[in-house]
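Visitor: Residue numbers (this note's numbering): -13 to 277.
Ideal Cβ positions, reconstructed from N, Cα and C, are used throughout, including at glycine.
#1: From residue 109 to residue 169, what distance separates their C-alpha atoms?
#2: How should residue 15 be labelled, buried or exposed, when 16 other C-beta atoms within 10 angstroms of its C-beta is the threshold for buried?
#3: Who pairs with residue 199 in a beta bridge, going by DSSP?
#4: Around the C-beta of residue 133, are 16 or more other C-beta atoms found within 10 angstroms, so that it is buried, or is it exposed?
#5: Which residues does DSSP pair with residue 118 in a beta bridge?
#6: Label residue 82 either buried or exposed according to how many other C-beta atoms from any shown protein chain fall within 10 Å of its C-beta, with 16 as the threshold for buried.
#7: Do three or more CB pairs link the region 202 to 217 to the region 60 to 69 at distances below 8 Å?
#8: Return yes when the Cβ of residue 260 is within less than 7 Å of the Cβ of residue 198, no when it is not.
#9: My understanding is that residue 204 touches residue 94, with C-beta atoms under 8 Å, so please give their C-beta distance in whole angstroms.
#10: Relative to the C-alpha of residue 163, which candidate in 11, 177, 255, 220 has its C-alpha closest?
#11: Apart from the five residues just before and just after residue 26, which ones in its own chain have a Cβ nearer than 8 Å to its Cβ?
#12: On a CA-only basis, which of 103, 46, 39 is nearest residue 19? Give me that one, please.
#13: Quick check: the Cα distance between residue 151 and residue 182, rounded to an integer number of angstroms?
#14: Using a Cβ-Cβ cutoff of less than 7 Å, which residues in the same chain neighbour residue 101 once the five nearest sequence positions on both sides are dropped?
#15: Let me know if residue 7 comes out buried or exposed under the rule of 16 or more other beta-carbons within 10 Å of its beta-carbon.
#16: Under 6 Å Cβ to Cβ from residue 59, same chain only, skipping five residues before and after it: list those, please.
#17: Taking the beta carbon of residue 288 as the centre, do at least 16 other beta carbons fall within 10 Å, making it buried, or is it exposed?
#18: Is the separation between the beta-carbon of residue 161 and that of residue 250 shorter than 7 Å?
#19: Can you have a look at residue 135 and say buried or exposed, based on whether 16 or more other CB atoms are within 10 angstroms of its CB?
#20: How many Å lie between residue 275 and residue 33 at the Cα?
#21: If you draw a straight line from the C-alpha of residue 137 to the C-alpha of residue 107, how long is it?
#22: With C-beta atoms as the reference, is residue 241 less than 7 Å away from residue 37?
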């Protein structure tokens, strides 16, 4: 009830009147303006404004709506667009996680039967995928000690769901976490390592607590959906302009994140965290376990 009340207040106070509301696009985001991910959304806004008629202005949804309710509100059409990632989608709808095992660009994926199946899945939920924005790099294991014999051999690894199976496949013990790493986690002597997004290391004192990192694993995607009924209500010209903007965003952000990845790796090297091949005799073992 509280969530619906907040939504009603949003529409009464932010959207000026009914005539304008019918031409506006409302957008929900997992991230608030203080987060770096918001810049991706601002880039998308600029691309849409450049291509769409001026009356198709954008209204940003309130950050007070909890992440766990955003997917449902978008499927119901309460909001038109949703900017999210697979971690934030309800468990039974997490088909988008499959994107994270692909190291191909989104443009290449769109030509595959897998993409078509993903489209059908989310269409059945009332959404259409507009963008799958690949980071070009995903996760790595940060470890206190160098692993032996191509396994984690009982090592306790802090891991976000749903990646506990990845750690178990490597004979490790997953210690689940439901948030980003904080400094106190690094000081926990009961933990032998961490499975984290590559970009997540820079603000923490990793070098005081871990000594090794594996090669990159998998791929992180941010996703933009549109409510399917809203999409079908648009004329073909507006659909094409939104489609063009969505593809342009993928290309722009992919190139930006590839450049930033080099900065992340240089910082790790500066902090004397040694890059290791997890298993020289089975070079694809990590990606196989992740898949």
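Guide: To lay it out plainly:
#1: 41 Å
#2: buried
#3: 128, 261
#4: buried
#5: 209
#6: buried
#7: yes
#8: yes
#9: Contact flag wrong, Cβ pair sits at about 16 Å.
#10: 177
#11: 69, 119, 208, 235, 239
#12: 46
#13: 15 Å
#14: 95
#15: No answer about residue 7 holds up, because its pLDDT of 47 lies below 50 and its placement is not dependable.
#16: 65
#17: Given a span of -13 to 277 for the chain in the structure shown, any question on residue 288 remains unanswerable.
#18: no
#19: exposed
#20: 38 Å
#21: 35 Å
#22: no
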